[in-house]
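In what follows, a single structure is set out as structure tokens and then discussed.
Residue numbers (our numbering), protein chains in the order written: chain A, 550 to 1041; chain B, 591 to 1037.
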């Protein structure tokens, strides 16, 4: 518990008197600071040459370069998607720099630039200490290159591979080649194709047969250099009867220009394997007028390839100016299970269009979706989901619950679930509600002497409980704090 | 459109040359404009979100000429083919889109004005100008609205004077002759329910034969302040009929509209039901059932827009798909900014009875106000096994238990219909349409 409390930022301290409330109203993004270290970046722009240079910098084998080039050529032929309920200013892909690495290039944690460590300190993530205390191995990605990997030894003893994607391409080429792009093909969608062409780094996890990963694996991402899109590529392969829990958390410093982020995450679960993937996303959301903020276009997909496998997505999305994200499960193996638990909070002028896709292919497959949306300010928050039952999915079962909470008169909360059923033995259920915080609940709290802000955050916390309890504990605490911070100034 | 028009569009353009000029300049201009819009847009494709689950590829390759008015006028029609119990008020009958005075009885008592569009236009065209010339302008409509606006020469004009309580339901009957193969007919409907009035309208689609035909109906309905409209739609067309219908209902302050829709027939059926609650305290209830078999494709697009304060909507729709049929449902609730106090709910439940059938449903909520209650639920599944077991344990054979439960499942949507004789009749029709024997898939899943 101590560690979790340490992670707590001052902002999370309960707001008690008026002066503090006023201050909170005007508070800027807490994690917004820029670490001043030199970056080694490619010039802005995207072309085959840039892709070749990027691949050369990373010392990649020929097949990887060809893979990237194929993706780039395909990307050129694709139209930008516009179906989401998002109002996006046109993105100039030629003004983005597609690679930046911290210049120091440390080989181990001991060599890590102290300024960098300071950054983590500010974020409450002192890598070397807390990671060990909390029993979490941290593969910290600072901008685009992994600067430190801990617990390598303990994991290696268990036979687990947990390293940066660049390293995996160099040292576990065969594994990467076998699985990369097998869940999200290079041409899957516009942003996945872009990512495939220019991804800079990311994490690779391989859990061999029968191994239960001895600790929760965690990566903290940060975007740092000005105008560098962060193009992460994560690949997690879990073999028969193995298990892993993976945590991903994001914070980013304050910027006035929109930054592009297009990540791809691929999960592969073989026979009886289980993957639990948790995300707390807190990219810079832009200021109260919607200036700046990250554009977050993420493709996340899990493939339950083996029978009786299970993939569970849990996400808490509070950041980014624009979130376009649909973590999905392809339930291919018989009796495989997919889960999606989500809290998406939007404030000020944030826009989120997020949800999931559950594709039932195998017999007896099950999926559960719990999505909670909270909109405040002038934000727009949409749930968009697909549950598809294919012909062969006998006895497939889905349950979906989507709830939206509105705080304020100018925000929007939307629900767009799609249900497509082609098997007569399947059962698909969907429920959704939209409401504001009830006056009764608020009145009850106020009559018990609880201040309005605290009351709202209590009610919101209760609203999200179903999702929070799916998170690993440290994450659950952080998520709760994040919601409190994000909602400040939303009431009144 | 850059590519060549599809056979469907080409045939429509040809058909337009056979439409006699109305003699009203603005009307002819509007028809021309709609024809141009149709040629420009072409039929919607599945890339169009609204048509995602209803491909029109096959339809776009068919060429429909206009149904021959001479044939439609002289065709012998047995009134028993459209007689409905409990529906004994004034009646207007169209055969292949042609008004049949001999089958209609327009007299509806004081305050009720029921006339065919052609007659209304001759008498006083100007009041109809907005609806016929401006309503579906370029960009504001899709191909079928343009098609209807360009080619519909007849239709219904129903006006209820303020403060009129119409005791007996008004009956609008669309008969497809089923004898003029590859022909199309188009009917335009305008209904205006005056302030504080009350009226029931029963719209009935029937076919007399099996020739392939297309029918389009575009209806604009206004329910004025404090008025009450009950609309019942019975669609029992032949399995070779394609029907594209669009109902736009505008409900003013403290007025209420209720729709009961029963979709039984048709090959390809699209029903767009858009309701706007524009006045404070307006209310809209909708109930509907589709029961499909064979290769039927029925697509219901319900959209309820809450644009004023303290408006209420409640929707309850049921679907059954057997054989190789496909049922599509979209139920959207939109609560506009400032529509505080809105209360909206929608329930859509479906039974999928065959391994070759498919159901696609998409309930949507778009909420821009915070003082609201909005909820929707949708399910796709099978009959409850425990209920089946209970009935069988009481000595009821499986097949009968199944049809009992299926009927109960659908009837929920018809129960609130106040016209008892009509309600019973619709229930009987539904029973006749439900699959009789247990389908194989169900037997295996019940084991």
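We treat Cβ as the ideally placed atom computed from N, Cα and C, and that holds for glycine.
Please read all numbers here as calculations on a predicted model, not as lab measurements.
Inter-residue spacing [alpha-carbon to alpha-carbon] between residue i and residue j
i: residue 737 of chain B; j: residue 673 of chain B; result: 30 angstroms
i: residue 737 of chain A; j: residue 874 of chain A; result: 14 angstroms
i: residue 995 of chain B; j: residue 871 of chain A; result: 47 angstroms
i: residue 857 of chain A; j: residue 1023 of chain A; result: 29 angstroms
i: residue 744 of chain A; j: residue 705 of chain A; result: 29 angstroms
i: residue 743 of chain B; j: residue 776 of chain B; result: 8 angstroms
i: residue 631 of chain A; j: residue 638 of chain B; result: 12 angstroms
i: residue 1009 of chain A; j: residue 897 of chain B; result: 28 angstroms
i: residue 761 of chain A; j: residue 957 of chain B; result: 44 angstroms
i: residue 856 of chain B; j: residue 829 of chain B; result: 5 angstroms
i: residue 819 of chain B; j: residue 1020 of chain B; result: 24 angstroms
i: residue 646 of chain A; j: residue 590 of chain A; result: 7 angstroms
i: residue 758 of chain B; j: residue 677 of chain B; result: 7 angstroms
i: residue 845 of chain B; j: residue 904 of chain B; result: 14 angstroms
i: residue 801 of chain B; j: residue 765 of chain B; result: 13 angstroms
i: residue 615 of chain A; j: residue 751 of chain A; result: 19 angstroms
i: residue 790 of chain A; j: residue 717 of chain A; result: 23 angstroms
i: residue 934 of chain B; j: residue 902 of chain B; result: 6 angstroms
i: residue 739 of chain A; j: residue 927 of chain A; result: 28 angstroms
i: residue 941 of chain A; j: residue 887 of chain B; result: 22 angstroms
i: residue 837 of chain A; j: residue 1027 of chain A; result: 22 angstroms
i: residue 910 of chain B; j: residue 949 of chain B; result: 9 angstroms
i: residue 922 of chain A; j: residue 1013 of chain A; result: 9 angstroms
i: residue 985 of chain B; j: residue 944 of chain A; result: 27 angstroms
i: residue 850 of chain B; j: residue 1003 of chain B; result: 8 angstroms
i: residue 631 of chain B; j: residue 625 of chain A; result: 28 angstroms
i: residue 564 of chain A; j: residue 961 of chain A; result: Summary for residue 564 of chain A: the model assigns pLDDT 35, below 50, so the residue's position carries little reliability, and this model does not support an answer.
i: residue 1035 of chain A; j: residue 925 of chain A; result: 10 angstroms
Per-residue DSSP class, three states only, for residue i
i: residue 958 of chain B; result: coil
i: residue 609 of chain A; result: coil
i: residue 1030 of chain A; result: helix
i: residue 886 of chain A; result: strand
i: residue 1021 of chain B; result: helix
i: residue 602 of chain A; result: helix
i: residue 927 of chain A; result: coil
i: residue 1022 of chain A; result: helix
i: residue 994 of chain A; result: helix
i: residue 594 of chain B; result: coil
i: residue 772 of chain B; result: coil
i: residue 952 of chain B; result: strand
i: residue 712 of chain A; result: strand
i: residue 706 of chain B; result: strand
i: residue 1063 of chain B; result: Outside the shown range of chain B (591 to 1037) lies residue 1063 of chain B, about which nothing can therefore be said.
i: residue 629 of chain A; result: coil
i: residue 636 of chain B; result: coil
i: residue 726 of chain B; result: coil
Amino acids of chain A, ordered along the chain, whose beta-carbon sits closer than 7 angstroms to that of residue i
i: residue 966 of chain B; result: 981
Min CB distance residue i to chain B below 8 angstroms
i: residue 958 of chain A; result: yes
i: residue 966 of chain A; result: yes
i: residue 955 of chain A; result: yes
i: residue 917 of chain A; result: no
i: residue 984 of chain A; result: yes
i: residue 912 of chain A; result: no
i: residue 940 of chain A; result: yes
Cross-chain neighbours of residue i in chain B, by beta carbon under 8 angstroms
i: residue 963 of chain A; result: 954, 955, 956, 957
Chain-ordered neighbours of residue i on chain A, where CB pairs are closer than 9 angstroms
i: residue 943 of chain B; result: 973
i: residue 951 of chain B; result: 966, 967, 968, 969, 970, 977, 979
Residue-level contact to chain A via CB, residue i, 8 angstroms cutoff
i: residue 947 of chain B; result: yes
Of the residues that make up the region 956–989 of chain B, which ones have a beta carbon closer than 9 angstroms to any beta carbon in chain A?
-> 956, 957, 958, 959, 960, 961, 962, 963, 964, 965, 966, 967, 968, 969, 970, 971, 972
Near-chain B residues of the region 615–637 of chain A (beta-carbon distance less than 9 angstroms), N- to C-terminal order = Going along the region 615–637 of chain A in chain order, one finds 632, 634 with a Cβ nearer than 9 angstroms to chain B.
Members of the region 623–643 of chain B near chain A, C-beta cut-off 9 angstroms | 639, 642, 643
Which residues, in chain order, does the region 858–876 of chain A contribute to contact with chain B at a C-beta distance below 8 angstroms?
-> none
Near-chain A residues of the region 878–895 of chain B (beta-carbon distance less than 9 angstroms), N- to C-terminal order | Listed in sequence order: no entries.
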